[in-house]
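Number of protein chains: 2
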Amino acid sequence: MKAQMTNQMNGLDLNQLYETVDLLKNDPKLAQFEFRARNRWVSGGHNRSEIDGFYGAGREDKSRPKPFVFDNGEPPVLLGNNEGMNPVEFVLHALAGCVTTTTVLHAAARGIKIEAISTELEGDVDIQKLVGLSDTLPGGYREIRVKMNIKADCTDEELDELCNYAWSRSPVFGTITNPVPIKMERVKS
Amino acid sequence: MKAQMTNQMNGLDLNQLYETVDLLKNDPKLAQFEFRARNRWVSGGHNRSEIDGFYGAGREDKSRPKPFVFDNGEPPVLLGNNEGMNPVEFVLHALAGCVTTTTVLHAAARGIKIEAISTELEGDVDIQKLVGLSDTLPGGYREIRVKMNIKADCTDEELDELCNYAWSRSPVFGTITNPVPIKMERVKS
Chain L
1 MKAQMTNQMN
11 GLDLNQLYET
21 VDLLKNDPKL
31 AQFEFRARNR
41 WVSGGHNRSE
51 IDGFYGAGRE
61 DKSRPKPFVF
71 DNGEPPVLLG
81 NNEGMNPVEF
91 VLHALAGCVT
101 TTTVLHAAAR
111 GIKIEAISTE
121 LEGDVDIQKL
131 VGLSDTLPGG
141 YREIRVKMNI
151 KADCTDEELD
161 ELCNYAWSRS
171 PVFGTITNPV
181 PIKMERVKS
Chain X
1 MKAQMTNQMN
11 GLDLNQLYET
21 VDLLKNDPKL
31 AQFEFRARNR
41 WVSGGHNRSE
51 IDGFYGAGRE
61 DKSRPKPFVF
71 DNGEPPVLLG
81 NNEGMNPVEF
91 VLHALAGCVT
101 TTTVLHAAAR
111 GIKIEAISTE
121 LEGDVDIQKL
131 VGLSDTLPGG
141 YREIRVKMNI
151 KADCTDEELD
161 ELCNYAWSRS
171 PVFGTITNPV
181 PIKMERVKS
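Printed below as a string of structure tokens:
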């Protein structure tokens with residue numbers, strides 16, 4: 001999946017993009033990815049993840065010489081000391097990034113040059129289920145609102161078409177808007 | 001929501017915990033939180049979020065003097081340069097943190113002293129929908145697997161009970177396992 005010549009659009013290598021799509025067309029197994037994380041509790045609402053390898057495009061990825069390390073924390077009103085952003089805020093960060101990248105990718109495939117994208121997100125959580133005061137209320141986000149401002153070298157109609165096509169293809173968008181099974185297991189070492 | 005005396009369990013202030021639960025019981029509106037993020041595209045699959053304020057417990061939170069800043073990136077096989085962890089990996093980080101914190105919180109409420117928690121996560125994504133090769137396959141995670149190892153001063157049966165009670169109360173768990181509406185809007189400045 002390396003391109004021979006550089007042909008950039010929106011910071012993406014178009015040759016590599018088309019080659020990747022051709023490879024996936026010929027062998028859909030290459031589209032299967034397994035992402036992974038390890039996490040360790042520190043104290044209270046503070047814990048730390050390490051993320052490095054994953055499986056994708058038919059092989060183990062070895063491109064990261066050392067793991068990414070990120071802390072979750074909680075603000076004082078949620079019994080923490082802002083040791084890090086809290087987990088539901090990381091979900092908004094992930095969603096913002098994923099719909100942005102998906103938009104940029106399909107813009108590149110259409111020959112639309114993106115000049116700027118900025119996004120504002122809001123999401124509503126009721127913590128009654130979290131603290132045990134309700135068993136029936138939704139425990140997660142009830143709704144998330146995303147406002148995206150895009151500047152590009154095309155018409156408003158083309159941008160609307162791009163967004164209609166691209167946004168719902170974002171993997172994080174798909175994870176949040178659809179029910180995804182989580183298999184939780186307690187293990188002993 | 002400040003406790004008068006410190007009474008720590010698992011790094012959480014139990015007085016503050018009980019006081020918070022009492023306040024929410026008396027006025028469930030205080031359980032409504034609105035979390036927020038801003039994101040700006042950098043190039044290709046690289047973009048950056050800033051997160052600071054939120055609304056919760058009946059007021060705007062001002063506890064963070066400066067925003068948390070996080071970058072999304074992509075590995076080379078997904079057309080990036082590992083400018084950051086990718087968005088679906090941030091979802092695993094958020095999930096790990098949220099189920100861990102929820103477990104620690106309810107352990108504290110039950111008087112269970114946690115010594116250690118470590119978690120391993122895996123999740124499967126098929127990128128055919130992302131790149132436009134399928135309209136029907138799920139675009140997000142198909143399944144996420146979480147293995148949690150807990151060391152605590154209680155019996156296995158008590159730990160199983162704790163996990164059965166706590167895990168599904170995690171807001172990120174609820175966001176992923178239930179369909180959450182996302183209202184996407186393109187705005188112009």
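As given, the protein sequences belong to chains L and X, one line each in that order. Just so you know, we're using the numbering used here here: the first sequence kicks off at 1 and counts up by one. Just so you know, we're using the numbering used here here: the second sequence kicks off at 1 and counts up by one. Just so you know, even glycine gets a beta-carbon here, dropped at the ideal spot from N, CA and C. Predicted model only: the values in this text are computed from it and were never measured.
Under three-state DSSP, which class holds X:A31? To locate residue 31 of chain X, count along the second sequence from 1; it is residue 31. Annotated three-state conformation of X:A31 is helix, per DSSP.
I need the DSSP call for X:I182, collapsed to helix, strand or coil. Residue 182 of chain X sits at position 182 when you count from the first residue of the second sequence. Three-state DSSP puts X:I182 in a strand.
Taking the beta strand (DSSP E) that X:F54 falls in, what are its first and last residues? For the purposes of this step, residue 54 of chain X is taken as residue 54 along the second sequence, with counting starting at 1. Run containing X:F54: none; DSSP gives neither H nor E here.
In chain X, which residues lie with their C-beta within 7 Å of the C-beta of L:L23? For this step, residue 23 of chain L is matched to residue 23 along the first sequence. What L:L23 touches in chain X: nothing, since even the nearest Cβ is about 10 Å away.
Does X:C194 get closer than 9 Å to chain L when you measure Cβ to Cβ? With chain X represented from 1 up to 189, any question about residue 194 of chain X goes unanswered, as that position is not in the structure.
Scan the segment 85-166 of chain L and note each continuous beta strand (DSSP E) run of 3 residues or more that stays entirely inside, going in chain order. Entirely contained in the segment 85-166 of chain L, the beta strand (DSSP E) runs reaching 3 residues are, in chain order, 114-126, 141-152.
Return the chain-ordered list of same chain residues with a C-beta closer than 6 Å to the C-beta of X:K129, the five sequence neighbours on each side being excluded. Position 129 of the second sequence, counted from the first residue, corresponds to residue 129 of chain X. Excluding residues within five positions, the ones whose Cβ falls inside 6 Å are L137, G139.
Look at the Cβ atom of L:A108, then the Cβ atom of L:L23, and state whether they are nearer than 9 Å. By 1-based counting over the first sequence, the position of residue 108 of chain L is 108. By 1-based counting over the first sequence, the position of residue 23 of chain L is 23. No, Cβ-Cβ distance for L:A108 and L:L23 is not below 9 Å.
Using 10 angstroms around the beta-carbon of L:P171, count the other beta-carbons present and answer buried if the total reaches 16, otherwise exposed. By 1-based counting over the first sequence, the position of residue 171 of chain L is 171. With 16 or more Cβ atoms within 10 Å of its Cβ, L:P171 is classed as buried.
Using the C-alpha atoms, what's the distance from X:A37 back to L:E120? Taking the first sequence and counting its residues from 1, one reaches residue 120 of chain L at position 120. Taking the second sequence and counting its residues from 1, one reaches residue 37 of chain X at position 37. If I take the Cα positions, the gap works out to 6 Å.
Would you say L:K113 faces chain X, with C-beta separation under 9 Å as the test? Within the first sequence, numbered from 1, the residue matching residue 113 of chain L stands at position 113. No, no contact with chain X.
CA-CA distance, X:Q16 and L:L79? The count along the second sequence starts at 1 and reaches residue 16 of chain X at position 16. The count along the first sequence starts at 1 and reaches residue 79 of chain L at position 79. Each residue's Cα considered, the two are about 7 Å apart.
Would you say X:D124 lies against chain L (beta-carbon separation less than 9 Å)? Taking the second sequence and counting its residues from 1, the one referred to as residue 124 of chain X is at position 124. X:D124 counts as touching chain L.
Candidates L:E60, L:C163, L:N47, L:G73: closest to X:R118 by CA position: One-based indexing of the second sequence puts residue 118 of chain X at position 118. The amino acid occupying residue 118 of chain X in the given sequence is Ser; Arg does not appear at that position. Residue L:N47 is the option with its Cα nearest to X:S118.
Selected residue, minimal CA-CA separation from X:L133, among L:Y165, L:N72, L:M184: One-based indexing of the second sequence puts residue 133 of chain X at position 133. Relative to the Cα of X:L133, the nearest Cα in the group L:Y165, L:N72, L:M184 belongs to L:Y165.
Given 8 Å, three or more beta-carbon pairs between the segment 176-186 of chain X and the segment 19-34 of chain X: No, they do not touch.
To the nearest angstrom, report how far apart X:K2 and L:D71 are at their CA atoms. If you number the second sequence from 1, residue 2 of chain X lands on position 2. If you number the first sequence from 1, residue 71 of chain L lands on position 71. Note on X:K2: pLDDT 46, under 50, position unreliable in the model; no value is reported.
Say whether chain X places a C-beta atom closer than 9 Å to the C-beta of L:C98. Working through the first sequence from its first residue, we reach residue 98 of chain L at position 98. Yes, L:C98 lies at the interface with chain X (some Cβ there is under 9 Å from its Cβ).
Hey, L:V77 and X:D61 are a contact pair by Cβ (cut 8 Å); roughly how many whole angstroms apart? Counting from 1 along the first sequence, the entry for residue 77 of chain L is found at position 77. Counting from 1 along the second sequence, the entry for residue 61 of chain X is found at position 61. Correct: roughly 6 Å between the Cβ atoms.
In the structure shown, what three-state DSSP assignment does X:N39 receive? For the purposes of this step, residue 39 of chain X is identified with residue 39 of the second sequence, where counting begins at 1. Secondary structure at X:N39: strand, using DSSP grouped into helix, strand and coil.
Would DSSP call X:D13 helix, strand or coil? Working through the second sequence from its first residue, we reach residue 13 of chain X at position 13. Judged by DSSP in its simplified three-state form, X:D13 adopts strand.
If you drop the 5 nearest sequence neighbours on each side, which residues of the same chain put their C-beta closer than 6 Å to that of X:M9? Numbered from its first residue, the second sequence carries residue 9 of chain X at position 9. Closer than 6 Å at the Cβ level, and outside the excluded window around X:M9, lie A108.
Are the beta-carbon atoms belonging to L:E122 and X:E158 less than 9 Å from one another? Looking up residue 122 of chain L in the first sequence gives position 122. Looking up residue 158 of chain X in the second sequence gives position 158. Result no, Cβ atoms of L:E122 and X:E158 do not sit closer than 9 Å.
Of all the residues that make up the segment 25-38 of chain L, which are near chain X by a beta-carbon distance shorter than 8 Å? Hits within the stretch, in order: K25, P28, A31, Q32, F33, E34, F35, R36, A37, R38.
Please report the straight-line C-alpha distance between L:T20 and X:G58, rounded to a whole angstrom. One-based indexing of the first sequence puts residue 20 of chain L at position 20. One-based indexing of the second sequence puts residue 58 of chain X at position 58. Rounded to the nearest angstrom, the gap between the Cα atoms of L:T20 and X:G58 is 49 Å.
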